[in-house]
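This report refers to the structure that appears directly beneath it.
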Amino acid sequence: MRWQSLPLVAGFAVLALIVGSRAMLVEEQRANRAAAREAIEYQQLLSGLLSLAQEAENGQRGYLLTGEKSYLEPYRSAVGAIPGQLARIDSLTAPDDQFVQPINHIKDALSQKQAELAETIALYDQGNATKALDLIRSGQGKAVMDEIRTSMDTVRRISAAAVAARDAHTDQVETWLRIGSVAALLAIFLLAGYAIRESRRRFLEVVVAQEELVRKNVALGSEIETREKAESQIRQMHKMEAVGQLTGGIAHDFNNMLAVIISAMNLAQRKLARGEHDIAQFIDAAIDAATRAANLTARLLAFSRQQPLAPQIVDANRLLTGMSDLIRRALGETIRIETV
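So for the sequence shown, our numbering puts the first residue at 99; every next one is plus one.
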């Protein structure tokens with residue numbers, strides 16, 4: 099039974115493996131989507147940081163070109179927003195993340211850029227506009243912005259490569275899972291076919307066993323009937339043997355009684371032929387033998403229920419004593435009959 103249920107267990111195991119693999123793939127795809135959303139948010143924060151740096155630079159240049167304080171509003175707004183933007187970026191950057199180094203470069207470059215912007219504005223406020231413009235023309239600010247853009251491009255490349263690697267891994271897993279699913283379905287079909295074949299075979303075995311059981315029951319019934327017939331024949335033979343023994347004994351008794359009667363009548367005839375008339379004892383002997391024959395006949399009729407029943411109180415000992423001859427002849431000489 100354990101080996102017969104093995105295909106079913108194997109089929110359920112394959113199904114469980116497929117379902118588990120599918121669940122793992124779904125979970126991995128969910129993680130990939132979360133990572134992609136995080137990468138997009140990271141890129142948006144970096145783009146926002148670059149925009150703040152550019153707004154600060156534009157405000158600084160507008161102020162230097164026009165001398166209008168209103169141009170410093172974008173500068174002040176951008177400089178005030180940069181720390182918060184960096185804090186949000188830091189919250190998404192793990193200590194062991196590969197983004198740590200380029201983000202640190204961006205922070206250093208931003209610090210240099212803010213220092214350069216603040217220095218030029220301070221020089222302009224001090225009335226030294228020429229020196230402020232010379233500082234801008236030196237290219238120091240542009241080099242810092244280029245460094246910021248380069249570091250941000252590095253972060254974007256690393257992020258895109260990580261997302262691509264995760265997608266490639268997911269695609270590979272999905273491909274293998276698809277192949278495994280097809281193979282598993284094929285295995286399930288094979289196991290199902292095997293299970294159906296085994297079930298059919300066991301069903302046929304049960305049918306054959308039932309037919310064999312019916313056949314053996316019929317044979318057993320026939321054998322029982324044959325034995326009952328044989329036993330009935332044996333019992334009938336025993337009955338016939340008992341009847342034969344009883345008949346032989348009764349015939350012997352009747353032969354003795356008839357011999358007494360015939361002998362008594364022959365002797366009486368001889369006496370009468372000689373003119374002698376003392377034949378009373380012969381007649382009495384014949385009558386006694388005839389009486390005993392009549393009694394024996396009556397007992398035989400009562401034994402065979404041919405005589406009308408006349409219920410009466412009897413002495414069982416005397417009855418058995420009177421029937422002892424019949425019983426003894428029916429049972430045989432090897433069994434002794436005694437009455438108390």
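Just so it is clear, CB atoms sit at the ideal spot from N, CA and C, and this is done for glycine as well.
Taking the alpha helix (DSSP H) that Asp188 falls in, what are its first and last residues?
Here residue 188 refers to the residue found at position 90 when the sequence shown is read from its first residue. For Asp188, the enclosing alpha helix (DSSP H) stretches over residues 170 to 189.
According to DSSP, simplified to helix, strand and coil, what is Phe352?
One-based indexing of the sequence shown puts residue 352 at position 254. If DSSP states are grouped into helix, strand and coil, Phe352 belongs with the helices.
Whole angstroms is fine: what's the gap from Leu150's alpha carbon to Ile116's?
Within the sequence shown, numbered from 1, the residue matching residue 150 stands at position 52. Within the sequence shown, numbered from 1, the residue matching residue 116 stands at position 18. Rounded to whole angstroms, Leu150 to Ile116 spans 50 Å at the Cα level.
If you check the beta carbons only, do Ala230 and Leu162 fall under 8 Å apart?
Residue numbering aside, residue 230 sits at position 132 when the sequence shown is read from its first letter. Residue numbering aside, residue 162 sits at position 64 when the sequence shown is read from its first letter. Yes, the pair counts as a contact, with Cβ atoms nearer than the cut-off.
Of the residues Ile377, Ala192, Arg372, the one placed nearest Met363, counting alpha carbons only:
Within the sequence shown, numbered from 1, the residue matching residue 363 stands at position 265. If we check each option's Cα against that of Met363, Ile377 comes out closest.
Assuming Gln196 contacts Leu143 (C-beta within less than 8 Å), just tell me the rounded distance between them.
As a working note, residue 196 is residue 98 in the sequence shown. As a working note, residue 143 is residue 45 in the sequence shown. Incorrect: roughly 17 Å between the Cβ atoms, too far for contact.
Just checking, does the stretch 200 to 207 make contact with the stretch 244 to 260 on the three C-beta pairs under 8 Å criterion?
Here the stretch 200 to 207 lies against the stretch 244 to 260, with 3 or more beta-carbon pairs under 8 Å apart.
Which same chain residues end up closer than 6 Å to Leu221 when comparing Cβ atoms and leaving out the 5 residues on each side of it in sequence?
As a working mapping, residue 221 is identified with position 123 in the sequence shown. The beta carbon of Leu221 sits closer than 6 Å to those of Lys229, Ala230, all from its chain and outside the five residues before and after it, given in chain order.
Starting from the C-beta of Ala134, find all residues in its chain whose C-beta is less than 7 Å away, skip the five residues before and the five after it, and write them out in chain order.
Position 36 of the sequence shown, counted from the first residue, corresponds to residue 134. If we look at Ala134 and ignore the five residues flanking it on each side, its Cβ neighbours are Val261.
Between Thr218, Glu166, Val253, which lies nearest to Leu236 when the distance is taken from Cα to Cα?
Within the sequence shown, numbered from 1, the residue matching residue 236 stands at position 138. This sequence places Ser at residue 236; Leu is not what is there. Check the Cα spacing between Ser236 and each of Thr218, Glu166, Val253: the tightest is with Thr218.
So the candidates are Ala192, Leu190, Tyr173, Ser189; which of them puts its Cα closest to the Cα of Ala213?
Mapped onto the sequence shown, residue 213 falls at position 115. Out of Ala192, Leu190, Tyr173, Ser189, Tyr173 has the C-alpha closest to the C-alpha of Ala213.
In or out: Ser189 buried (at least 16 other Cβ within 10 Å) or exposed?
As a working mapping, residue 189 is identified with position 91 in the sequence shown. The residue in question, Ser189, is exposed, as its Cβ has fewer than 16 Cβ neighbours within 10 Å.
Taking the Cβ atom as the reference point for each residue, do Glu153 and Ala176 lie within a distance shorter than 8 Å?
Locating residue 153 in the sequence shown gives position 55, counting from the first residue. Locating residue 176 in the sequence shown gives position 78, counting from the first residue. Yes, the Cβ-Cβ distance between Glu153 and Ala176 is below 8 Å.
With H, G and I counted as helix, E and B as strand and the rest as coil, what does DSSP make of Leu160?
Numbered from 1 along the sequence shown, position 62 holds the residue referred to as residue 160. In the sequence on display, residue 160 carries Gly and not Leu. Here Gly160 sits in helix by DSSP.
So what does DSSP say about Glu166, is it helix, strand or coil?
Taking the sequence shown and counting its residues from 1, one reaches residue 166 at position 68. In the three-state scheme derived from DSSP, where H, G and I count as helix and E and B as strand, Glu166 is classed as coil.
Straight-line Cα distance separating Glu155 from Gly225
Here residue 225 corresponds to residue number 127 of the sequence shown, with the count starting at 1. Here residue 155 corresponds to residue number 57 of the sequence shown, with the count starting at 1. In a straight line, the C-alpha of Gly225 is about 20 Å away from that of Glu155.
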